[in-house]
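Step one of this worksheet: look at the structure below.
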Amino acid sequence: MELGVNIDHIATLRQVRGGIEPEPVMAALICESSGADSIVVHLREDRRHIKERDLFLLRKVIRTKLNLEMSIAPDILKIACQAHPDQATLVPERRQELTTEGGLDVVKNFGRIKEAVKKLKQNGIPVSLFIDPDKKQIAAALKIGVRMIELHTGRYAQAKNALQQNKYFKELKDAAHFSKQKGLRVFAGHGLDYHNVSAIAGIKGIEELNIGYSIVCRAAIAGLETAVRQMRELIDRK
Ligand code: PXP
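My numbering applies: residue 11 is where the sequence shown begins, and numbers increase by one.
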């Protein structure tokens, strides 16, 4: 099972003070050297975290796979074609949302998504569609002609109790099985953390998990002792 690490929230932290730290490029290199199989960034239309500068620098230094999450807005498509990531993952985007709230509605936006996929493919960029674990969406993705999808695990991750979680788990398992049978490569992600990841990692047919927020949160806590000790030392040395 491959692990894609989404570093958007390293950039979120940088934006809090509008400075240069923490550096997403440095974070990406640490992720790669720690076992990440790919680096994921979402260049949002409002540029709330990742900027063009990050994307183009990452393109130069990433040795694993650079996976760009993106909407199908024309200016974002243009930047994607210039940056040339190893993979583009099309996601829905709403300005007001805190994070990507649901999968792409491929059924409803069939024509626009098909056009975007065509443009990216013409530029040599393989495309994955981020969709809910729903047969209608999977069938529409197949009809568009993509070879890869990412199943949205958000409903499973946010389940309020075990009953709900089992239901959403089964939904993901069935969707992965169905997609695989149809010849698609299947990835999954959103809301996965240290408590809920194991079950998803056990689903046959899912090749890659993309995880961001929980890893950045864990990094802040796991790294706090070292950070305080280093500051303590500097102050005590005077
Ligand atoms: N996969 C996709 C397509 C996403 O949009 C996101 C969030 O940017 C993730 C995975 C990672 O989600 P999280 O940050 O909750 O781990």
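Note that beta-carbon positions come from the ideal geometry of N, C-alpha and C, so glycine has one too.
For clarity, every value in this text was computed on a predicted model and none was experimentally measured.
* Hey, out of Asp142, Ala126, Pro143, Ile141, whose CA is closest to Ile135's CA? -> Taking the first residue of the sequence shown as position 1, residue 135 is located at position 125. If we check each option's Cα against that of Ile135, Ala126 comes out closest.
* Ordered list of alpha helix (DSSP H) runs contained in the region 138–209, each at least 4 residues -> 145–154, 164–167, 172–191
* Asked: Using DSSP with H/G/I as helix, E/B as strand and the rest coil, what is Gly121?
  -> Residue mapping note: residue 121 aligns to position 111 of the sequence shown, counting from 1. Reduced to three states, the DSSP call for Gly121 is helix.
* Touching or not, the region 236–244 and the region 221–228, by the rule of three or more beta carbon pairs under 8 Å? -> Judged by Cβ distances under 8 Å, the region 236–244 makes no contact with the region 221–228, as fewer than three pairs qualify.
* How long is the line joining the alpha carbons of Arg24 and Gln191, rounded to whole angstroms? -> Taking the first residue of the sequence shown as 1, we reach residue 24 at position 14. Taking the first residue of the sequence shown as 1, we reach residue 191 at position 181. Their Cα atoms are separated by approximately 43 Å.
* To do: Compare the C-alpha of Lys118 against each of Leu53, Asp96, Ile148, Cys91 and name the closest.
  => Locating residue 118 in the sequence shown gives position 108, where the first residue counts as 1. For the residues Leu53, Asp96, Ile148, Cys91, the minimum Cα distance to Lys118 belongs to Ile148.
* Is the CB of Lys118 under 8 Å away from at least one CB in chain D? -> The structure shown contains no chain D; it holds only a single protein chain.
* Asked: Should Lys75 and Ser48 be called a contact, given that it needs their Cβ atoms to be closer than 8 Å?
  -> Against the sequence shown, residue 75 aligns to sequence position 65. Against the sequence shown, residue 48 aligns to sequence position 38. Inclusion of Lys75 and Ser48 in the CB contact set at 8 Å is warranted, their separation being smaller than that value.
* CA-CA distance, Lys28 and Asp115? -> Along the sequence shown, read from residue 1 onward, the residue named residue 28 stands at position 18. Along the sequence shown, read from residue 1 onward, the residue named residue 115 stands at position 105. The sequence shown places Gly at residue 28, not Lys. Each residue's alpha carbon lies about 34 Å from the other.
* For Thr209, which residues of its own chain have a beta-carbon under 7 Å away from its beta-carbon, when the five flanking residues on both sides are left out? -> Translated into positions along the sequence shown, residue 209 becomes position 199. According to the sequence as given, residue 209 is Ala; it is not Thr. So the list reads Phe179, once near-sequence residues are dropped.
* Report the three-state DSSP secondary structure of Ile89 (helix, strand or coil). => Taking the first residue of the sequence shown as position 1, residue 89 is located at position 79. Collapsing the DSSP output to three states places Ile89 in a helix.
* If we ignore side chains and look at the alpha-carbon of each, how far apart do Asn77 and Met158 end up? -> Residue mapping note: residue 77 aligns to position 67 of the sequence shown, counting from 1. Residue mapping note: residue 158 aligns to position 148 of the sequence shown, counting from 1. About 12 Å.
* Should Phe140 go down as buried or exposed, given a rule of 16 or more other Cβ atoms within 10 Å for buried? -> Sequence index remark: in the sequence shown, residue 140 carries index 130 (1-based). Buried, since its Cβ has 16 or more Cβ neighbours within 10 Å.
* To do: Pull up the distance between the alpha-carbon of Asn16 and that of Ile245, whole angstroms please.
  => As a first step, residue 16 must be located in the sequence shown, where it is residue number 6. As a first step, residue 245 must be located in the sequence shown, where it is residue number 235. Cα to Cα, the separation comes out at about 34 Å.
* To do: Apply the 10 Å Cβ neighbour rule to Leu108 and answer buried if 16 or more other Cβ atoms are within range, or exposed otherwise.
  => Residue 108 sits at position 98 when you count from the first residue of the sequence shown. Per the 10 Å Cβ criterion, exposed.
* Measure the CB-CB distance between Arg54 and Glu103 and report whether it falls below 8 Å. => In the sequence shown, residue 54 corresponds to position 44, counting from 1. In the sequence shown, residue 103 corresponds to position 93, counting from 1. Yes; because the gap between Cβ atoms is below 8 Å, this pair is in contact.
* Assign Leu182 to buried or exposed, taking buried as 16 or more other Cβ atoms, counted over all protein chains shown, within 10 Å of its Cβ. => Mapped onto the sequence shown, residue 182 falls at position 172. Looking at its Cβ environment, which holds 16 or more other Cβ atoms inside 10 Å, Leu182 is buried.
* To do: Just grab the DSSP bridge partners of Ser48 for me.
  => Locating residue 48 in the sequence shown gives position 38, counting from the first residue. Gly14, per the DSSP bridge assignment.
* For Ala98, the three-state DSSP class (helix, strand or coil) -> Translated into positions along the sequence shown, residue 98 becomes position 88. Looking at Ala98 - three-state DSSP - the assignment turns out to be strand.
* Please list, in chain order, all residues of the same chain as Cys41 whose beta carbon is under 7 Å from its beta carbon, the five residues on each side excluded. => For this step, residue 41 is matched to residue 31 along the sequence shown. Val15, Ile17, Ile49.
* To do: Could you tell me the distance, in whole angstroms, from the CA atom of Ala186 to the CA atom of Glu217?
  => Your numbering for residue 186 matches position 176 in the sequence shown. Your numbering for residue 217 matches position 207 in the sequence shown. Those two C-alpha atoms are separated by around 10 Å.
* Asked: In chain order, what residues of the same chain have a beta carbon less than 7 Å from the beta carbon of Asp7, not counting five sequence neighbours either side?
  -> In the structure displayed, the chain extends from 11 to 248; residue 7 sits before or after that span and is not available.
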